[in-house]
Each structure stands twice: as structure tokens, then as C-alpha cells.
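Number of protein chains: 8
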Amino acid sequence: MDKRVLLIAGSKSDSEFVNRCEEYLDKLGIGYNTEYSSAHRDPERTSQLAREAEKSGYEVIICLAGMSAALPGVVAAHTALPVIGVPLDSSALNGMDALLSVVQMPPGIPVATVAVGKPGAANAAILAARILSIKYDDIRGNLDKYRESIKQK
Amino acid sequence: MDKRVLLIAGSKSDSEFVNRCEEYLDKLGIGYNTEYSSAHRDPERTSQLAREAEKSGYEVIICLAGMSAALPGVVAAHTALPVIGVPLDSSALNGMDALLSVVQMPPGIPVATVAVGKPGAANAAILAARILSIKYDDIRGNLDKYRESIKQK
Amino acid sequence: MDKRVLLIAGSKSDSEFVNRCEEYLDKLGIGYNTEYSSAHRDPERTSQLAREAEKSGYEVIICLAGMSAALPGVVAAHTALPVIGVPLDSSALNGMDALLSVVQMPPGIPVATVAVGKPGAANAAILAARILSIKYDDIRGNLDKYRESIKQK
Amino acid sequence: MDKRVLLIAGSKSDSEFVNRCEEYLDKLGIGYNTEYSSAHRDPERTSQLAREAEKSGYEVIICLAGMSAALPGVVAAHTALPVIGVPLDSSALNGMDALLSVVQMPPGIPVATVAVGKPGAANAAILAARILSIKYDDIRGNLDKYRESIKQK
Amino acid sequence: MDKRVLLIAGSKSDSEFVNRCEEYLDKLGIGYNTEYSSAHRDPERTSQLAREAEKSGYEVIICLAGMSAALPGVVAAHTALPVIGVPLDSSALNGMDALLSVVQMPPGIPVATVAVGKPGAANAAILAARILSIKYDDIRGNLDKYRESIKQK
Amino acid sequence: MDKRVLLIAGSKSDSEFVNRCEEYLDKLGIGYNTEYSSAHRDPERTSQLAREAEKSGYEVIICLAGMSAALPGVVAAHTALPVIGVPLDSSALNGMDALLSVVQMPPGIPVATVAVGKPGAANAAILAARILSIKYDDIRGNLDKYRESIKQK
Amino acid sequence: MDKRVLLIAGSKSDSEFVNRCEEYLDKLGIGYNTEYSSAHRDPERTSQLAREAEKSGYEVIICLAGMSAALPGVVAAHTALPVIGVPLDSSALNGMDALLSVVQMPPGIPVATVAVGKPGAANAAILAARILSIKYDDIRGNLDKYRESIKQK
Amino acid sequence: MDKRVLLIAGSKSDSEFVNRCEEYLDKLGIGYNTEYSSAHRDPERTSQLAREAEKSGYEVIICLAGMSAALPGVVAAHTALPVIGVPLDSSALNGMDALLSVVQMPPGIPVATVAVGKPGAANAAILAARILSIKYDDIRGNLDKYRESIKQK
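Protein chains in written order, with the numbering used here: chain A, 610 to 762; chain B, 610 to 762; chain C, 610 to 762; chain D, 610 to 762; chain E, 610 to 762; chain F, 610 to 762; chain G, 610 to 762; chain H, 610 to 762.
As C-alpha cells, this is what we get:
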């Protein structure tokens, strides 16, 4: 399966959110690789991951980060691919810090922001499926099946 | 030029934000149509616009709304296309109401949320360009030129 | 007993809040039916429930929802009945997201919003009783007894 | 025309909001009287207005107040009629103070809260029309006409 | 010992906060009585407590309440005595609702607001001691001893 | 007229709030002196004002401050007199910074906090009148007259 | 080892945050002393600690405090040394109160504010290392080693 | 005069804040250079400025940015120098977005955050003076004179 999504999280301590996202990517039949790289603690590696994502064949990048969640914006600054940001509720401020850091990008460099925490981690995968579906019929097929399944819940 | 983006705003009073978004879509060479349709005041028409968007040839939908900004979520509920939501600061609460309404979508139906107000209206167009660029080389070319131009500012 | 209230919750995971509301409707002698239907995951069924509520004999609709709580507003968009909205604290943001989504309705389509979470679930039932009391003397009698009882607490 | 709605505002300085509400009550063909009475500066008169509202023939009470907006809750405490609360943005905190004061009623005494400020003042009138429509066909007719008119906007 | 402070809480469920306040009143040698009376569920009794407080010999009133905490403001509306308000964190919104409801009193009727929750319950007693100390030397003596004791901590 | 109230503001730029407070102190017949002294820029003078207030004959201290409004708490730390704090909306954050700084005092050193900005400046004077009224009949007389006057508004 | 950092916390109950900071100061090879002194409960001792810090040889002061966290600002008012403030999440308001109290210092007296709670306690030590590194090569060496180590995580 | 401070702002539109900071650096006799470089629109140049700052002789970096203010954190990630961050109120959310983005840095990479907007721009310069004063006596002399001058205001 082609790896179309690059998943980056800022810290190993975010793995429960990463797992939720991976679970939905699997469910939607989307290939992906996961990397842990902090925008603040390892900026060179993070920039490199972002800059090389496209030639590595990725078409969407999902970034998960908490607190002053610079990761999605920094990655978006180094690539032309669509970047989805998941703000995590991993600090005293319940994720409001991460939400505002991820969504309030200045004009020029957008991040496609989804909900705070686990619901957002799931939705990031589904949003990736919606984006990839404009190009790949198989992913669209999986997305349609998923969308049908949640109606019957 | 093919119309790949459907732009929907909840109210004619949001036109200054719509104009900002259109200006960036033009700059990026992306064809679009603009509709005004309220999720709350005219729900049937809004659902219909969402349901017919795909067969009309649109590949991305941008929704702008203020206050209890249900528009992007309602549209996303009726289509499998990627939906970008722009929360508007058109109430006493400075757009915090619209931001939380747009971004906090429940698992299953994501909205790609961008910044509150005019910066978000610009970024919605650029995010649409990033998404369409995974499929259309001409849009990618325009996006690259735009990205280069903001560096020289 | 006539079913005068239609109770709709967005998700089965909201059942503890639904139970609190049902307990108060029972206490006030008000007949009701409960449905689970998500505004985002199953929009057609939700609209249909809203559109048919009146001819099914309901006179008040209570909607409970968390996060980007579009349910009450979407239901209100499809009916002329009074709609009571209960914002739930089921996300990282403690219900502030749901509160602003439910209460900040644009001019034209009001939702009668009550408190966040369980106190609101109880109050939705009591508010339904106040509304129905303008027409039904038996419900008014029950409401008066209830109001007397809480004084003696 | 029967006066079915009692409109109470906490202060003469809130008159621009009162006017907006009256304009919509007129448009919907609902008779009303307006009183200015502060829950804090003139509590006896306020309680009396609330206690006598029902025998004066009113069926819905609308209360507008800013800051620590106790008025709707205090009125609801003294009557069994449905009380609609409009939180006003008349302080440094943009109406967030009034919103939380009006909506966060403890279990037992609900206030039907609408949006902050002018949109809420309009919606209070429309919510009153929805409530009265369960009993009065003429008001329902007016409401239907109004709802149709906003679709064509 | 003369009962100089009247302590009113809105609900029996607030007793842990009441106990904290009583503990500090005891420590400071201030006589008091405690009443439970809700501004919303039993407004007549609450008003009466407030109106009779002064002739009963009380000189300061302390009110504790959560959510839409109208109690301190309603009591202040019915008495000329200084009223101290303690906002309680007893809802989903962490006491921000109670804080804004208690402190944002309109011009004319002030409430002396202290911190949210238990620290505020302690400080309400100490503030009462500061107020009573302008008149009673024995309370001032106790206050001085208390103030000295916390330095040595 | 005896000077019973010491009024301290952190900055000359707060004079419009100081004037509001003075206007109400005049109206209530309470003597006062006004000082400008910053807790942060001139801490020694501020502490000295606080420590000497009591022997100078003051019985209540009113402090007005914006931003990280340490003034009321610092003054309360150096005196046993009741200290009233007025949080000012003089920064980008609309006074929420000052409100939390003033009201959230730790156990041991309370500040009697009133509303943000001009309404609070007025209420600080009235709260001072309520406190002084437990001791001075003439101030109580003035307070009663004032309270009567606002009813007739 | 020279003691270059003075660490002050407002309350013994903050010791878990103090320990985190000390752990990082140890890791970075920075000598320090820790004092507990409340700006509000023991203002004289707090001012004295601040005033004497420089002649005692300290070059950076770290202050940790919760609620209305006046400690860092009060210390900064009494010294010309750089003061780092750590807002603690020790109240109902999740540290938002402490954050705004610490960071929103008026022009003239800055506090170098770091993140709320434990992450901030760690970062205060690292910020002290960055500041001291402009003068001391050994601390710079330790800082470089630490910065390298977090990359390899 | 040696240039010890590097001042970076994210956008030319922030120049009024930059000017305020420069005015205070001048007043304190601190040499500086100012660069405009966006962390999001021109990440390579921003990283390079940060990486080369130290060998260019700078000892403190001041970064000003609004919205999702990644600039200070990104710069801090690429240098071991102390970085001061000024959150700007240049969006609909009054600077709360920038404040949380700047201050809530994850453990490992601190940013010394000052107040939102113009007061923060002034304080950034003064904080730089405090930091440089641990090494340079002439700056300390200027700082002492400045601190004395604000007492006499």
C-alpha cells in the first residue's frame, strides 16, 4: 500500500492520540508512516521531514502537538502539501493553548485544524481521506463505506 | 476555467470576508462560485448545495460563518468533499463562538478550520490550493509562485 | 399519556444526560419519546425528525449535544416548535464549546439554551413544563407542586 | 391586541436592545408591555412585576440584562411562566459575564437563554412567538410568514 | 458571643465550602449563624433573611453560591450591610460562571467578591474580620494574632 | 470632614476611574485622600502608604489597578484594614487579567473585589459606605438616601 | 559551587513544582538556594529576600506562585536582577489566573514568564541557564549538552 | 556601540510595536539590530537569523509576533541565547492567541514571555537590560537610572 500520509507527533508522550489517528487511517485504508519529531527540541529534523515529505511520496501531512503547538505551522512553512493540525489537551489549560496556536496561522501559511484531543485525532484521518478522495477512487470508496457505517450507529 | 471551489457564506453581511477569500482564489488561479445560504435560515437550500456540489464538479468547499457557525459542519455532513471552515468575528464574543463551533466537530465529520476572520478567509483559499495541488499541476504552479512571493515581502 | 416532548441526543454516549432529563420529565408528568440522531453523522434522519415532530403531535423539542453542538440549531431550522438546547460538557473544553455553539444562534432561528451538562438536562425538562403550562393545566399543576417541593428542601 | 409578553430590562441604558426586541414582537404581531426594573437596584418592584405577570395575562416574560445579569433568574424565581433571558454586552467583558449569569441557572429554575446582545434581542421575540404558537394560531401564522421571509433573503 | 455574621449558602451541597468559612470564623472569634436558602428556588425566604439581617443584629453577610450565583447580589439588593460573595466552582465551567456572576454587579449594589472556592471561603471570614475590626477591638486583636501566625508558616 | 478612605491608583493614566470613584465618595459624604503609587514601580512608597494608613486615621482603602493588578493585594498584605480592589480594563485583555489578579488572593489576605472598570469604581465607593455604615450613622444616612434614589430611577 | 539562582515559592504546598525546577537546575549544574516566602502573607520578608538577593551573589531569581501570583512581580519590583516567573495551576481556574497575574506586568518592571505548572518549572531552570550562559562558560557547556540530549529523545 | 540585542518581528505590520521596543532599548543605551522575518512565511531565513545570532555577537534576542506566534519559540529552538517573546494583539482574539502560543513552550525550550502588546514591547527591552546587566556594568547603570526615574513619576 502506498504511504500517502505522513503523521508527525511532537512527543512520545502523545502516543495515545497518535494511536487513535492510526486506527482511523487503517480503517480508511490509507497508508502512512509515523514520526516523532519536536518542532522546538529538534527543529532541523522537523524541517527536514517537512521538506522531504513530498518527494518521499506523501500527499498529506498530519501533525499532532500540545501546549504552544508550533509543529503543524512549522511543517506547513516547509512544504506545499496540505497540513492537518491536531491540537492536544496535554497541559493545564485543557488544550485551549494548543488550539489557538494551531488554528490562528497568519495569512499565507494555513493549517487545516481539527478538534482538540482524541476526537480531533480521529477526524484528522477522516479529513485526510476526504482530501485524498479527490484523487484516489479506492480511498473514496473506503470513505463512503465509513460514512455509511456511522449513520447506522 | 473549471470551477473547483464552492464558496458558501451564511449571510450577505459577511461579504467583506467573502471578498478577501475570492481575492486569494483569483490570485491562485482557482475557479469558484459563491453562494449565500444560511444553515439555520434556509437549511433545505444549504443541504442541497452541499449534496449537489460534487456532481456539479466542485472538489473543495469553503464555508464562512459567524456566531453559532453551523454552516461548515452541516455542509460537511452532506458531502464527502473536503470542507474548509472560516469562523467569523461578527458577534460580541470576537469570534471565539464561531471558532469553537467550527473546529470542535465530533468524530466522523471533520471540518478543516482556519483562523478567525480575514486572515482565515485568505488562508482558506490557500488551503484549497494546497489540497487541489495534489491533483492539478497548474494550481501547484500558482501556489509555488505565491509561496515564493511572500518570502520576498 | 400524550407525548408532547421529543427528546433528541446526538450520541448514545450522552445517555447519562438524557436520563437526567427523562427523570425530570417523568417527575413533571410530561409524556415524551427519546431519539438518538446526530446532526453531523446522520443529517437526513435528524432533519426528518425535526420536520415531522409537529405532525407527530410534539409541542416542544429538547436537544442535547456536546462539542460543536449543531443539533439544537439544526432542529430549530426545520421546525417552528420551541427548541430547548442543552450544551454538554463532553470534550476537553468543559462544555464552553457546546455552550457557545448552542446559544449564539443568528437572528431568525432561536434556541432556548439552558445550563451546561446535568443541571441543564434537568432544567430543560422544567423549561418544557413552563412552556407547556401556558396550554395544559395538568402540567401546570405538576409544575406548581414541583416548584413548591424545591422550596422545602 | 392582547398583551401576551412582558418585556423587562434592567436599565434605561439598555434601550437599544429593548427596541430591537420590540421591533420583532411588532413584526410577529405579538402584544407586549415594556418595563424597566433592576433586580439589584429595585428588587421589590422587580419581584412584584414577576409575581403579578401571570394574573395580568402575560404568558411569556422576556428579560434583558448586562453584567451580573440576575434579572432573568430572579424573575423566573417568582413566576411559573417561561422566562427568556437576553444577556447584554454592556461591560468590559463583552457580554461573557452576562451570558454565564443568565444561562448557568441551577437545577429547578430554568431561563431560556438566547444569544448575547442584539441578535439575542431579536431571537427572544421569535422564541416567544414559537412558545405562544403552541397555543395561538394567529401568532403561528405570523411566525410561519416570518420564517418564510428569511428564506428568501 | 454576639452573632455578627450571617452566613448564607445557596445549597446544602455547598457544605464543604460553608465548613471552611465557619472554621475561619471560629478561629477569628466571630459569632455567626448559617442558613441555607437559594435565591432562585426560595426567593421569598432569601429576601426575608436579607431584609431582617440588620435588625437581627448582623453586621456583615457572607453568601456562597455556584453557577449563576445570584445569591450575593440578591441579598445585597435587600440590605445596606456589607455583603461578601464567594463564587463556588461547582459546575462544569470551573467557577468562572460564578465568579463573573458575583463580581460584575452593576453600579449601585456592590458585592465584596473573594476568590473562587475554598480559598475564597476562608478569605470571606478574614474579610469579615477586617470589616468588623474597624468597630470591635476584640476581633481586631484576633485578626492581628491570625495575621502574625501566617507569617511564621 | 474626617478622611476615612484612602484611595490609591497605580498610575496617573487611571484617573478617569479615580474620578468616578471620587464622585461617588463625594455623593455619599465620605472624606478621602487620593494617592498615585505603583506596587511595581514604587514598591517602598506603596508599602509605606499601606502601613501608615491606619494610624493616619483611614478605615477603608480602595485600590484601582489594571493588568497584573498587584496593588490591592500588596496593600492588603501591609495593613489589617479592609481593602477594596477595582480591576481596570486598561490592557488588550479587557480587564480579565486585572480581575483574576485582584480577586484570586490566596487564603489569608483577602481583597474585596468589585466589577471591572467604571462600574467597579462607583461600587468601590458604595461598598466603602456599606462598611463604614456599621460604625458611622451619618454615612449610613447618606447610604440610605442614595439607595432610595436609585430605586426611583 | 556558587549559588547563582535564588528560587522562591509562595507556599510549601507548591513543593512539587519547586522540586521539578531544582531537578533541572541540578541537571544544568547551576547552584541555587530555595526559600518559601509569600508576597501576601509575609511581604516584609519577601521584599527583603528580593532586595538582598544581588548582594548575596545571586544573578537570577526564579519565583513560583499560583492564584493571584503577585510574587514574581513584587520580587521584580525590589531588584534589578532578571526575574523568571512560573505561574502554577493550583486553583479552580487551572492556572489562567496565575498566568495573567505573572505575565501582564505594567511597563517598567518585566517578569520573564514561562509556561503554567510543571513544564514551566522545568523551563524556568533552563531559561536561567540561557541567561547565565551569556557570562559563564561552564553553564553554557552544560546547557549545550542538555540541548543536544533532548534532540536524541 | 556594540549590538547586543537582535530584534525580530514577524511582519512589517507590527512596526508600531517594534518602535516601542526600540525606543526603550535606546533609552537604556543598548545597541541592537532589527529584522523582519516570519517564522511561517520565510522559515529558512528565520532559522538562519537565529542560528547566526550568537556568532554575530548578539547576546539576547527579542521576538515580537501575533496570532499563532511561533516566531519566539522557533528562534529559541535554533539558539542557546535567551529569547524574549512579545505576544501581539493583532487579531480578533485580542492577543490571547499570541500569549498562549508564546508562553506555553514545552519543557526544554523556554521563551521569556512578557505582556501582550505595547506594554510588553517596552518590557522586553527592560528585561533585556536586566539580563545584560549581569555582565555589563554600563547597561546596569542605565537600568538603575531608568528604574529611579519611574519612581518619581
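Backbone N, C-alpha and C fix where the C-beta goes; we use that ideal spot for every residue, glycine too.
Small disclaimer: the values here were computed from a predicted structure and weren't measured.
Along the chain, where does the alpha helix (DSSP H) that runs through residue 757 (chain C) open and close? 746-760
With three or more C-beta pairs closer than 8 Å as the rule, is the region 701-710 of chain G touching the region 702-709 of chain F? yes
C-beta atoms of residue 691 (chain F) and residue 740 (chain F) nearer than 8 Å: yes
Proximal residues, the region 702-724 of chain H versus chain G, C-beta separation under 8 Å: 708, 712, 713, 714, 715, 716, 717, 718, 719, 720, 721, 722, 723 and 724
Within 8 Å (strictly less), CB to CB, does residue 760 (chain B) reach chain H? yes
Exposed unless 16 or more other CB atoms sit within 10 angstroms - verdict on residue 747 (chain C): exposed
Whole-angstrom distance between residue 664 (chain G) and residue 672 (chain F), CA atom to CA atom: 33 Å
In whole angstroms, give me the CA-to-CA distance for residue 727 (chain H) and residue 695 (chain H). 9 Å
Going by DSSP, what residue range makes up the beta strand (DSSP E) through residue 674 (chain C)? 669-675
What does residue 753 (chain B) touch in chain H if you count any residue whose Cβ is under 9 Å from its own? Simply none; closest approach about 14 Å.
Selected residue, minimal CA-CA separation from residue 632 (chain D), among D:660, D:620, D:735 and D:649: D:735
My output table needs one value for residue 715 (chain B): the three-state DSSP class, helix, strand or coil. coil
Would you mind listing the beta strand (DSSP E) stretches within the region 677-715 of chain A that are 3+ residues and don't spill past its ends, in chain order? 692-697
Sequence-distant residues of its chain with Cβ nearer than 6 Å to residue 714 (chain H) (five each side left out): 682 and 720
Who are the near neighbours of residue 561 (chain C) in its chain, counting only those whose CB is closer than 7 Å to its CB and skipping five residues on each side? Absent from the model: residue 561 (chain C). The displayed extent of chain C is 610 to 762, so no value can be given.
Our contact map puts residue 616 (chain C) next to residue 641 (chain C) with C-beta atoms below 8 Å; I'd like the distance itself, whole angstroms only. 5 Å
Give the residues from the region 653-671 of chain H that approach chain B closer than 9 Å (Cβ to any Cβ), ordered along the chain. 653 and 654
Would you check if the distance between the CB atom of residue 744 (chain B) and the CB atom of residue 670 (chain A) is smaller than 8 Å? no
Under 8 Å (Cβ pairs) to chain A, residues found in the region 723-746 of chain G: 724, 725, 726 and 728
Chain-ordered chain D contacts of residue 568 (chain F) [CB-CB under 7 Å]: Coverage of chain F is limited to positions 610 through 762, which leaves residue 568 (chain F) absent and any answer about it impossible.
Just the C-alpha distance for residue 643 (chain D) and residue 645 (chain C), rounded to the nearest angstrom, thanks. 40 Å
Residue burial classification, residue 732 (chain F) (beta-carbon count within 10 angstroms, cutoff 16): buried
Spatial neighbours of residue 688 (chain G) within its chain, please: CB distance less than 7 Å, with the 5 preceding and 5 following residues excluded, ordered by chain position. 659, 660, 662, 663 and 670
Classify residue 676 (chain A) as buried or exposed, calling it buried when 16 or more other Cβ atoms lie within 10 Å of its own Cβ. buried
Which bits of chain F does residue 750 (chain G) rub up against, with CB to CB less than 7 Å? By Cβ distance, chain F contributes nothing, its closest Cβ being about 36 Å from residue 750 (chain G), past 7 Å.
For residue 588 (chain F), return the contacting residues in chain G, with the cut-off set at a CB-CB distance below 8 Å. Nothing about residue 588 (chain F) can be reported from this structure: the residues present for chain F run from 610 to 762 only.
Residue 689 (chain C) at chain D interface by Cβ criterion, 8 Å: yes
Could you pull out every residue in the same chain whose Cβ sits closer than 7 Å to the Cβ of residue 627 (chain H), ignoring the five residues on either side in sequence? 616, 618, 643 and 673
Sorted by chain position, which residues of the same chain lie with C-beta nearer than 8 Å to residue 755 (chain A)'s C-beta, five sequence neighbours on each side aside? 636, 637, 735 and 738
Indicate the three-state DSSP secondary structure (helix, strand or coil) for residue 664 (chain D) in the structure shown. coil
Opening and closing residue of the alpha helix (DSSP H) in which residue 768 (chain F) lies: Outside the displayed range of chain F (610 to 762) lies residue 768 (chain F), so it cannot be described from this structure.
Bridge partners for residue 612 (chain F) per DSSP, in chain order? F:640
Within this structure, are the beta carbons of residue 667 (chain A) and residue 613 (chain A) separated by less than 8 Å? yes
Does DSSP put residue 724 (chain C) in a helix, in a strand, or in coil? coil
Do we get a CB-CB distance below 8 Å when we pair residue 686 (chain A) with the residues of chain H? yes
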